[in-house]
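Residue numbers 847 to 1111, in our numbering, belong to the letters of the sequence shown in order. For every residue, glycine included, the Cβ atom is placed at its ideal position computed from N, Cα and C. Computed from a predicted structure; not experimentally measured.
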Amino acid sequence: MLFKLLKYDFRAMWKQFSLIWGAALVLALVNRFSIFWDVDDHVIGLSDTTASGITIFAFIAVLAAMFVIAIGFVVNRFSKGLLGNEGYLMHTLPVRPWELVLSKLICGTVTWIGCGVVALLSPFIMAPVNWLELIQFSFWSEAFRGIFHGVMKHPGVLVLLAEFCLVILSLLVLFIASMYLAMAVGHLFSRHRQLISVAVFIGLYILIVNIYGRVFSVRFVQALMNMATVNVYGSMLTASAIMLIPAAAFLAVVCWILENKLNLE
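The following block contains the structure:
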């Protein structure tokens, strides 16, 4: 049943973000030709026309709107889908609350990852490179050969990259779990739910920052981090674990509220 919930959530995500993701990439491609152009076969110049200024402003505006919409999407999918009118339908399904929460969490995390990929990919599309060379097979064969030799010479790079991605993923999960808990706590009140949810989220942020500041000041944890850094990469695993532990606690409280304190009236 979890996969059906994910299918439903991902369909909603695609309907909302396919247009803005595509718009960001198209504007990046437009900026490639409006800001940079080939003066001759070998020289690339920089445009100072009004059109290039408009297109770059539109590109920045779309990227900013993309992340704002991503926050709204995560909030609305949880608040309206589980705490609002749609909750009447969702909570009649033969699923446990943790499955509903996990589906929203996975979809929200993938949404933010997609926005991050688009934001990182756009500058490469805008770069003044020779695209005719990029689409040639010889270019990619040489590129992959160089990457393969580099990885074989330094295999720890893949481990480092994987652990860095895990840190980013853990941070996203903690951020979304904090929003879910804030909304769930705010829903316990009959009035001013949105205001209370915002206040709870700010309180959770301050609490997490203070706790992390105290935790990392403890000699035991500092010693643990020093031991982890002996392997160079272990410190990021420790950081990921420290972020995922409170995230799991937040999600557990959310599931308990949905199962025992839910009031859709």
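Let me make sure I understand the geometry here. Which of 1024, 1017, 954 and 877 has the alpha-carbon closest to that of residue 974? For the purposes of this step, residue 974 is taken as the residue at position 128 of the sequence shown. Minimum Cα distance to residue 974 is reached at 877.
Only counting the same chain, and skipping five residues up and downstream in sequence, which positions put a Cβ closer than 6 Å to that of residue 889? For the purposes of this step, residue 889 is taken as the residue at position 43 of the sequence shown. Residue placement at residue 889 is flagged as unreliable, the pLDDT there being 48, under the threshold of 50; the coordinate-derived value follows with that caveat. So no residue of the chain qualifies.
Could you compute how far the alpha carbon of residue 1023 sits from the alpha carbon of residue 880? Within the sequence shown, numbered from 1, the residue matching residue 1023 stands at position 177. Within the sequence shown, numbered from 1, the residue matching residue 880 stands at position 34. Spanning the two alpha carbons is a distance of roughly 41 Å.
Beta-carbon within less than 7 Å of residue 971's beta-carbon, same chain only, minus the 5 sequence neighbours each way: which residues are those? The sequence position of residue 971 within the sequence shown is 125, counting from 1. Once the five neighbours on either side are set aside, the close Cβ partners of residue 971 are 871, 874, 875 and 878.
List in chain order: all unbroken alpha helix (DSSP H) runs of 4+ residues lying wholly within the region 919-943. 933-936
Assuming residue 949 and residue 1015 are in contact, meaning their beta carbons sit under 8 Å apart, how far apart are those beta carbons, in whole angstroms? Counting from 1 along the sequence shown, the entry for residue 949 is found at position 103. Counting from 1 along the sequence shown, the entry for residue 1015 is found at position 169. Contact flag wrong, Cβ pair sits at about 17 Å.
Looking only at its own chain, which residues have a Cβ that is under 6 Å from the Cβ of residue 863, when we skip the five neighbours before and after it? For the purposes of this step, residue 863 is taken as residue 17 along the sequence shown, with counting starting at 1. Hits under 6 Å: none found.
Looking at the structure shown, is residue 879 part of a helix, part of a strand, or coil, going by DSSP? Here residue 879 corresponds to residue number 33 of the sequence shown, with the count starting at 1. If DSSP states are grouped into helix, strand and coil, residue 879 belongs with the helices.
Would you be able to state if there are at least three C-beta pairs under 8 Å between the region 1052-1059 and the region 1033-1042? no
According to DSSP, is residue 1104 part of a helix, a strand, or is it coil? Mapped onto the sequence shown, residue 1104 falls at position 258. Note: residue 1104 maps to helix in three-state DSSP.
Verify whether the separation of the beta carbon atoms of residue 914 and residue 954 is less than 8 Å. Numbered from its first residue, the sequence shown carries residue 914 at position 68. Numbered from its first residue, the sequence shown carries residue 954 at position 108. In this structure, residue 954 does not lie closer than 8 Å to residue 914 by Cβ.
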